[in-house]
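K.L.:
Top line first, the protein sequences correspond to chains L and H.
If you count the first sequence from 1, you need to add 3 to reach my numbering.
If you count the second sequence from 1, you need to add 3 to reach my numbering.
Even glycine gets a Cβ: it sits at the ideal position worked out from N, Cα and C.
Since the model is a prediction, treat every value here as computed from it, not as a measurement.
There are 2 protein chains.
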Amino acid sequence: MVKRTQPAPNGDASTVRDVAARAGVSASTVSRVLGGTYPVATATRAKVMKAMRELDYVVNAHARALGGATNKTVAFVVDDVTGPFYAHIARGVEEQASAEGRLCMLCTTHGDPRRILAVVETMREQRADAVIVVGGALEDKAYHDRMTHFAHALDRAGSRLVLVGRPPLGPGVPATVVDYDNEGGAFALTGHLLSGGHRRIAYLGRVPGLSTSAQRIAGFTRAHELLGLAPDPDLIVDGVFSRSYGYQATRELLASGKEFTAIFAATDMIASGVIQAVRESGRRIPEDIAVAGYDDIPVARDVYPTLTTVHVPQEELGRAAVRLALHRDELPDGQHLVLGTHVVLRESTRRAGSS
Amino acid sequence: MVKRTQPAPNGDASTVRDVAARAGVSASTVSRVLGGTYPVATATRAKVMKAMRELDYVVNAHARALGGATNKTVAFVVDDVTGPFYAHIARGVEEQASAEGRLCMLCTTHGDPRRILAVVETMREQRADAVIVVGGALEDKAYHDRMTHFAHALDRAGSRLVLVGRPPLGPGVPATVVDYDNEGGAFALTGHLLSGGHRRIAYLGRVPGLSTSAQRIAGFTRAHELLGLAPDPDLIVDGVFSRSYGYQATRELLASGKEFTAIFAATDMIASGVIQAVRESGRRIPEDIAVAGYDDIPVARDVYPTLTTVHVPQEELGRAAVRLALHRDELPDGQHLVLGTHVVLRESTRRAGSS
DNA sequence: GCGCGGATAGCAACCGGTCTCTACCGTAGG
DNA sequence: CCTACGGTAGAGACCGGTTGCTATCCGCGC
Numbered sequence: 004m005v006k007r008t009q010p011a012p013n014g015d016a017s018t019v020r021d022v023a024a025r026a027g028v029s030a031s032t033v034s035r036v037l038g039g040t041y042p043v044a045t046a047t048r049a050k051v052m053k054a055m056r057e058l059d060y061v062v063n064a065h066a067r068a069l070g071g072a073t074n075k076t077v078a079f080v081v082d083d084v085t086g087p088f089y090a091h092i093a094r095g096v097e098e099q100a101s102a103e104g105r106l107c108m109l110c111t112t113h114g115d116p117r118r119i120l121a122v123v124e125t126m127r128e129q130r131a132d133a134v135i136v137v138g139g140a141l142e143d144k145a146y147h148d149r150m151t152h153f154a155h156a157l158d159r160a161g162s163r164l165v166l167v168g169r170p171p172l173g174p175g176v177p178a179t180v181v182d183y184d185n186e187g188g189a190f191a192l193t194g195h196l197l198s199g200g201h202r203r204i205a206y207l208g209r210v211p212g213l214s215t216s217a218q219r220i221a222g223f224t225r226a227h228e229l230l231g232l233a234p235d236p237d238l239i240v241d242g243v244f245s246r247s248y249g250y251q252a253t254r255e256l257l258a259s260g261k262e263f264t265a266i267f268a269a270t271d272m273i274a275s276g277v278i279q280a281v282r283e284s285g286r287r288i289p290e291d292i293a294v295a296g297y298d299d300i301p302v303a304r305d306v307y308p309t310l311t312t313v314h315v316p317q318e319e320l321g322r323a324a325v326r327l328a329l330h331r332d333e334l335p336d337g338q339h340l341v342l343g344t345h346v347v348l349r350e351s352t353r354r355a356g357s358s
Numbered sequence: 004m005v006k007r008t009q010p011a012p013n014g015d016a017s018t019v020r021d022v023a024a025r026a027g028v029s030a031s032t033v034s035r036v037l038g039g040t041y042p043v044a045t046a047t048r049a050k051v052m053k054a055m056r057e058l059d060y061v062v063n064a065h066a067r068a069l070g071g072a073t074n075k076t077v078a079f080v081v082d083d084v085t086g087p088f089y090a091h092i093a094r095g096v097e098e099q100a101s102a103e104g105r106l107c108m109l110c111t112t113h114g115d116p117r118r119i120l121a122v123v124e125t126m127r128e129q130r131a132d133a134v135i136v137v138g139g140a141l142e143d144k145a146y147h148d149r150m151t152h153f154a155h156a157l158d159r160a161g162s163r164l165v166l167v168g169r170p171p172l173g174p175g176v177p178a179t180v181v182d183y184d185n186e187g188g189a190f191a192l193t194g195h196l197l198s199g200g201h202r203r204i205a206y207l208g209r210v211p212g213l214s215t216s217a218q219r220i221a222g223f224t225r226a227h228e229l230l231g232l233a234p235d236p237d238l239i240v241d242g243v244f245s246r247s248y249g250y251q252a253t254r255e256l257l258a259s260g261k262e263f264t265a266i267f268a269a270t271d272m273i274a275s276g277v278i279q280a281v282r283e284s285g286r287r288i289p290e291d292i293a294v295a296g297y298d299d300i301p302v303a304r305d306v307y308p309t310l311t312t313v314h315v316p317q318e319e320l321g322r323a324a325v326r327l328a329l330h331r332d333e334l335p336d337g338q339h340l341v342l343g344t345h346v347v348l349r350e351s352t353r354r355a356g357s358s
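#1: Pick helix, strand or coil for Thr253 of chain L, following the three-state DSSP scheme.
#2: CA-CA distance, Gly242 of chain H and Ala323 of chain H?
#3: Identify the contact partners of Pro87 of chain L in chain H, using a Cβ-Cβ distance below 9 Å as the criterion.
#4: For a test of the three-state rule: what should DSSP assign to Gly208 of chain H, helix, strand or coil?
#5: Measuring only between beta-carbons, confirm whether Thr111 of chain H sits less than 7 Å from chain L.
#6: Identify the continuous beta strand (DSSP E) that holds Glu78 of chain L and give its terminal residues.
#7: How long is the line joining the alpha carbons of Thr270 of chain L and Val28 of chain H, rounded to whole angstroms?
#8: Per the DSSP calculation, Leu141 of chain H is bridged to which residue(s)?
#9: Take Leu106 of chain H and list the residues in its own chain whose beta-carbon comes closer than 6 Å to its own, dropping the five residues that flank it on each side.
#10: In the DSSP assignment, the beta strand (DSSP E) including Ala178 of chain H goes from what residue to what residue?
#11: Is it buried or exposed, Glu97 of chain L, if we count other Cβ atoms within 10 angstroms and call 16 or more buried?
#12: Can you tell me whether DSSP reads Asp15 of chain H as helix, strand or coil?
#13: Starting from the C-beta of Ala160 of chain H, find all residues in its chain whose C-beta is less than 7 Å away, skip the five residues before and the five after it, and write them out in chain order.
#14: Report the residue from H:Val210, H:Thr193, H:Phe153, H:Gly208 whose alpha carbon sits nearest the alpha carbon of Arg202 of chain H.
#15: I'd like to know if Met108 of chain L contacts chain H, where contact means its C-beta is closer than 7 Å to some C-beta of that chain.
#16: With a threshold of 16 other CB atoms inside 10 Å of the CB of His195 of chain H, please say whether the residue is buried or exposed.
#17: Could you list which residues in chain H have their beta carbon closer than 9 Å to that of Glu97 of chain L, in chain order?
#18: Using the three-state DSSP reduction, which class does His339 of chain H fall into: helix, strand or coil?
#19: Going straight from the alpha carbon of His155 of chain L to that of Gln317 of chain H, what length do you get?
#20: Just curious, the beta strand (DSSP E) that His314 of chain L is in, first and last residue?
#21: Please name the residue in H:Ala26, H:Ser247, H:Asp237 whose C-alpha comes closest to that of Gly260 of chain H.
#22: For the alpha helix (DSSP H) containing Ile278 of chain H, list its first residue and its last residue.
#23: Quick check on this structure: which residue in H:Pro289, H:Leu257, H:Glu290, H:Thr253 has the alpha carbon closest to the alpha carbon of Gly276 of chain H?
#24: If we cut at 7 Å on Cβ distances, does His314 of chain L have a partner in chain H?
#25: So, do the stretch 207-222 of chain H and the stretch 175-191 of chain H have three or more beta carbon pairs nearer to each other than 8 Å?
#26: Can you tell me whether Asp298 of chain H is helix, strand or coil according to DSSP?
#27: With a threshold of 7 Å between beta carbons, is Pro12 of chain H in contact with chain L?
#28: At a Cβ cut of 8 Å, what residues of the stretch 126-140 of chain H count as close to chain L, listed as they run along the chain?
#29: Using a beta-carbon distance cut-off of less than 8 Å, what residues from the stretch 192-203 of chain H approach chain L?
#30: Going by the DSSP bridge assignment, what does Thr111 of chain L pair with across the sheet?
#31: Am I right that Asp305 of chain L and Val347 of chain L are in contact with their C-beta atoms under 8 Å? What's the rounded C-beta distance?
#32: Going straight from the alpha carbon of Lys144 of chain L to that of Met150 of chain L, what length do you get?
#33: Is Ile266 of chain H helix, strand or coil when you go by DSSP?
#34: Just by C-beta distance, which residues in the stretch 33-59 of chain H are closer than 9 Å to chain L?
#35: Do we get a CB-CB distance below 7 Å when we pair Leu69 of chain L with the residues of chain H?
#36: Give me the chain H residues within the contact set of His65 of chain L, using Cβ-Cβ distance strictly less than 7 Å, ordered along the chain.
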């Protein structure tokens, strides 16, 4: 007899068979009590429950996952959790996952696209029933191909790839896309600035090759064109999505002597740096320079003056991602959901004349 | 023959045996190629690798976990990921977990202590090799007992409970504690304010029954006592750790007519609301009222004026939690690590005379 | 009194890897 | 030429739950 006869000999968790032995029933019966989806006599059930309690038994999720196809797990892949924008999406994902009885794995890539691929591979091993990738995508052919490959691989394994805030991989690729109206938000915000009389608007934080950036620039440009204008390429500055970049770039821009009356920061994080630099230069916001951001993260309400920005429904993006991944039939036409965005007017763009 | 003969009949992932069949070897051989820890002839290895590539094979993490005792997973339990303080700890946890070849599960409790218990139970099922619980603990007997129970249960299963930023459960309880010098930080910060001449300091955001809060108040009080003073209980205001609370409480405090020259906000989040309310009242910071916070989250550098606060090594807390859980021998004496904190002087407490 | 069907419980075969033990190969040493 | 041994590969028993099929016991109707 190699098998232990002790209930739970301290140092190893107890199993169904331990519980069965103690309750004087078979393992199947214990399993049925656990599952609840099979008739078990009340007296038997009570005996089993008692034994489980006495042994402090918990099922082994892995053994359970081996039988069924799925692990009841959702994976969330993101650049960096400390960014408020992603953190709020993460909250939505976690909440919805939890509501759907799923666990949530958190994986960060620190901006390295190769790590995304590695992480998705790992999630394939974990048999997660949804893999949610968040953040703008690199417009790179090889990368795109690898993601397409993963979409198919996940699909074959009964899992689902969900892209949040990035463009679809193409028709026929089994992936769900949850996006927000990036271009439309930029269009509306730029329109707001233009209608406020601004004609020379600087755009800070263009990221070449990043889908999110391209869309915002597109909206920015389209709003100009609607009025028969064109943005000055000289006022569109490349950068990264960070506060310190916003601060630094603004100082340089102010020092350059270029003319402009408004700054469209690619993100609120950038905008908060912009605001600091503008104020340190002695200029007033919005009287001398109007400032606007994008994302509507909490900092937009906290800066002084409060920041006009484009609201992105972050938590809803996260929730929708999980919801659509698990109930694919909810979205009949294709697998592409676009959530709306809208401009939130605050002090940083208020015109002198306005109330 | 019920078993499929097709390699991977589209709709189900391929298994070791599928690969074995295609490579013309046995399942054990495939497993050995996978593990790498057993001599396999070069030619055989090549055949197997080729088959794996052709079938786009990935191991099933659950099957693998079923054999070994652990799941190579670390669980991170937190109130809310959108709080910057917790988000930075999360980043530390995720980074270290990733460095140690572990995956990271994210679980949020939304401040409901019952959910912590449920989550820990779930992690027991998952056979996570560490469960990291972050955030101040409720000083409640029943709750304490349940946590102690879980510590033992996890220990029995070869797993480890780690408490971050909360007091130990008691001697003999198998749990690792990674804490920071909460009381010392509050003591130093209060000392800084007192040495700046402030004698009536308001404390905003006491949370009755929360360990973190009690420790900060203790440091606050001890610094007063060192100078033969005592804080005015009337200036210690109960609240919650949020920006809006800080804003509201400050308005009420200013309107109340109570005398004070400095505000010690229990957290930076509260402080950012305090700053806004003070400035809106027309008072200057720090000339009329000095403001200080706690935690040193990014917002402390972003507010105007920049915020004096107590630096808490958030990422290191997260990393240490994972490290100690996995290499328990690293901490010889007991399982209690306390990281240091220090005051970060910024503009919000600068005296007129100082540079 | 006998047979039938519903309600329960048990047996054993999975799920997909890993690991131990055994078997086989070729070759080098005696 | 035979044996011993290093090097490899295979067979099969796990890990812990789940589940289809079977077996048993019971009450009840004829």
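P.N.:
Looking at the atomic coordinates:
#1: helix
#2: 30 Å
#3: Thr85, Pro87, Ala90
#4: strand
#5: yes
#6: Per the sequence shown, residue 78 of chain L should be read as Ala rather than Glu. From DSSP, the beta strand (DSSP E) with Ala78 of chain L extends over 76-81.
#7: 55 Å
#8: H:Leu213
#9: Thr76
#10: 178-183
#11: buried
#12: coil
#13: Arg127, Arg130
#14: H:Thr193
#15: yes
#16: buried
#17: Val84, Leu109, Cys110, Thr111
#18: strand
#19: 39 Å
#20: 312-314
#21: H:Asp237
#22: 271-283
#23: H:Thr253
#24: no
#25: yes
#26: strand
#27: Confidence at Pro12 of chain H is low in this model, with a pLDDT of 42, below 50, so its placement is unreliable and the value that follows should be read with caution. No, its Cβ sits nowhere closer than 7 Å to a Cβ of chain L.
#28: Arg127, Glu128, Gln129, Arg130
#29: none
#30: L:Val81
#31: In fact, because the Cβ distance is near 14 Å, the residues do not count as touching under 8 Å.
#32: 10 Å
#33: strand
#34: Asp59
#35: yes
#36: His65, Ala68, Leu69, Asn74, Arg130
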